[in-house]
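Protein chains: 2
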Amino acid sequence: MRTLGYAVLGLLAAEPLTGYQVSRRMARPIGYLWTARHSQIYPELRSLEQAGLVRHRVEDGRGPRDTKRYWITGKGKNALRSWVASPLEPPESKSELMLRVRALWLVSPTVARELIEAARDRHVQRRAAYAVEEATFGDPGLLAFDSAAFSSYATLRCGIGHEDQAVGWCDWLLARIPRG
Amino acid sequence: MRTLGYAVLGLLAAEPLTGYQVSRRMARPIGYLWTARHSQIYPELRSLEQAGLVRHRVEDGRGPRDTKRYWITGKGKNALRSWVASPLEPPESKSELMLRVRALWLVSPTVARELIEAARDRHVQRRAAYAVEEATFGDPGLLAFDSAAFSSYATLRCGIGHEDQAVGWCDWLLARIPRG
DNA sequence: TCGCGATATGTAAGTTTCGACATAATCACT
DNA sequence: AGTGATTATGTCGAAACTTACATATCGCGA
């Protein structure tokens, strides 16, 4: 099975969700870890169901079609568990910003400065969004290791560290771009 | 044009390369920013040439076919420059590790510890590889802003910061996983 | 000298992901 | 009363990417 399937299972492990709710969750904050459009989610849920990893029940339909609420099955939870424990491939890490920075010597200092300042702004904004989220956890020291909240908090911590590092790097670079 | 095309143009902007050399460069260190298999590179070079952004000359063939060396054209350099200056979409950031961490509450502390320790090891190793690369730059303070070397060094700095942050986060998490 | 790996370039088939299209109810605002 | 955003679920074709297949030469160690 592919990663998207496990991303969906990971969401359903915490609570039953409709396809629409899954695709909303894949935007933020799960979207900072893995993203998918709704056009991927709905087929994925069907194939997970065919594999016996999730099941659905039809509820009242607010849109043009019926609303289907999905639950994870015991088999699905086991699949998720063995995936977490399975060997992890080295991350692919595609960064369009870094690719552009590699070509920075071709453009003027002004253009370079604009690029890095825009990137810095976005990192500051996301860092602020993370800070808001962090506040909802209360005292993180009280979270039990085997709670879903602690797992979420751990990923949030990584996100915060990542944004802080990125902002610091932008400042480092901006200090080295000559002012026109 | 898509990002892969600009990644290739970025490499050719510094020096003429064969398709094979481009695919080697896309492994490391460019691979930490963007990756592609050779089966993507060769068709991409052809389509870049059709668009007039690169040109090739046939040289001696060591393999079963002719060796083609590619140069970037003036048009290609301009395309690369405007791409660097164009508005940047927010990064997609897919992290399978974070996805697994989000499901960490489902597995035993022992399994969790193994996952994070393995991840930590890989970050330490890559950090060491970066340190070796950094040493090849000599005194970074001497690099001119408009040199390809400075651009490379800037991305390397970001990579180093990223790995350091990741190792720190792994240690933070490991300290919070109960010992079995 | 025999096999193995690296060099070197490509094609073909399959999978995954994206972007656009499609539909319709409900709710808030004007 | 009408307009538009949000909720809600899906299909379809295209683009991007991966994996496997295909081929041939050179250098190196066993």
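Chain order of the listed sequences is V and C. According to the working numbering, the first sequence is numbered sequentially starting from 345. According to the working numbering, the second sequence is numbered sequentially starting from 345. Yeah, the Cβ is synthetic: ideal placement off N, Cα and C, and Gly gets one too.
Next item on the list: Would you list, in chain order, the members of the segment 481–507 of chain V that have their beta-carbon closer than 7 Å to a beta-carbon of chain C?
Entry: Phe489, Asp490, Ser491, Ala492, Phe494, Ser495, Ser496, Ala498, Thr499, Arg501, Cys502, Gly505, His506
Margin query: Can you tell me whether Gly349/C sits near the ligand MG, meaning its C-beta is under 8 Å from at least one heavy atom of the ligand?
Written below: Inclusion of the ligand MG in the displayed structure is not the case, the ligand content being empty and no account of it being possible.
Notebook entry, point to check: Can you pull the DSSP bridge partners for Val402/C?
Noted result: By one-based count along the second sequence, residue 402/C stands at place 58. DSSP output for Val402/C lists Lys412/C as bridge partner(s).
Notebook entry, point to check: Under three-state DSSP, which class holds Thr417/C?
Noted result: Counting from one through the second sequence, the residue named residue 417/C turns up at place 73. Three-state DSSP puts Thr417/C in coil, outside helix and strand.
Check: In whole angstroms, what is the alpha-carbon distance linking Glu393/V and His506/C?
Finding: For the purposes of this step, residue 393/V is taken as residue 49 along the first sequence, with counting starting at 1. For the purposes of this step, residue 506/C is taken as residue 162 along the second sequence, with counting starting at 1. Each residue's Cα considered, the two are about 38 Å apart.
Check: What residues in the segment 431–443 of chain C have a beta carbon less than 7 Å from any beta carbon of chain V?
Finding: Leu432, Pro434, Pro435, Glu436, Ser437, Lys438, Ser439, Glu440, Leu441, Met442, Leu443
Margin query: Taking only three categories from DSSP, how would you classify Leu377/C?
Written below: Position 33 of the second sequence holds residue 377/C. DSSP places Leu377/C in coil when its eight states are reduced to three.
Next item on the list: State buried or exposed for Gln509/V, treating a residue as buried only when at least 16 other CB atoms are found within 10 Å of its CB.
Entry: The residue given as residue 509/V occupies position 165 in the first sequence. That one is buried.
Check: Given Arg520/C, which residues of its chain have a CB within under 8 Å of its CB, disregarding the five upstream and five downstream residues?
Finding: As a first step, residue 520/C is located in the second sequence; it is residue number 176 there, counting from the start. If we look at Arg520/C and ignore the five residues flanking it on each side, it has no Cβ neighbours.
Note to self: Against chain V, with Cβ distances strictly below 9 Å, would Tyr386/C count as a contact?
What the structure shows: The residue labelled residue 386/C in the question sits at position 42 within the second sequence. For Tyr386/C, the answer is no, since every Cβ of chain V falls outside 9 Å of its Cβ.
Item checked: Cβ shell of Asp404/C (< 7 Å), same chain only, five flanking positions each side left out -> Translated into the one-based positions of the second sequence, residue 404/C becomes position 60. Thr411, listed in sequence order.
Next item on the list: Pull up the CB-CB distance for Leu361/V and Tyr414/V, whole angstroms please, since I reckon it's below 8 Å.
Entry: Here residue 361/V refers to the residue found at position 17 of the first sequence. Here residue 414/V refers to the residue found at position 70 of the first sequence. So it is a contact: roughly 6 Å between Cβ atoms.
Checklist line | Beta-carbon separation (whole angstroms), Ala498/V vs Leu517/C, contact threshold 8 Å | finding: Indexing the first sequence from 1 puts residue 498/V at position 154. Indexing the second sequence from 1 puts residue 517/C at position 173. About 6 Å separates the two Cβ atoms, so the contact holds.
Item checked: Residues near Leu494/V in its chain [Cβ-Cβ closer than 7 Å; skip 5 each side] -> The sequence position of residue 494/V within the first sequence is 150, counting from 1. Checking the displayed sequence, the identity of residue 494/V turns out to be Phe instead of Leu. Around Phe494/V: Leu487, Ala488.
Next item on the list: Using a Cβ cut-off of 7 Å, pull out every chain C residue sitting near Gln509/V, in sequence order please.
Entry: For the purposes of this step, residue 509/V is taken as the residue at position 165 of the first sequence. The contacting residues are Gly505, His506, Gln509.
Notebook entry, point to check: Does the segment 369–381 of chain C come close enough to the segment 442–457 of chain V to have 3 or more Cβ pairs within less than 8 Å?
Noted result: yes
Next item on the list: Could you run through the segment 456–467 of chain C and flag, in chain order, every residue whose CB is less than 9 Å away from some CB of chain V?
Entry: Ala456, Glu458, Leu459, Ala462, Ala463, Arg466
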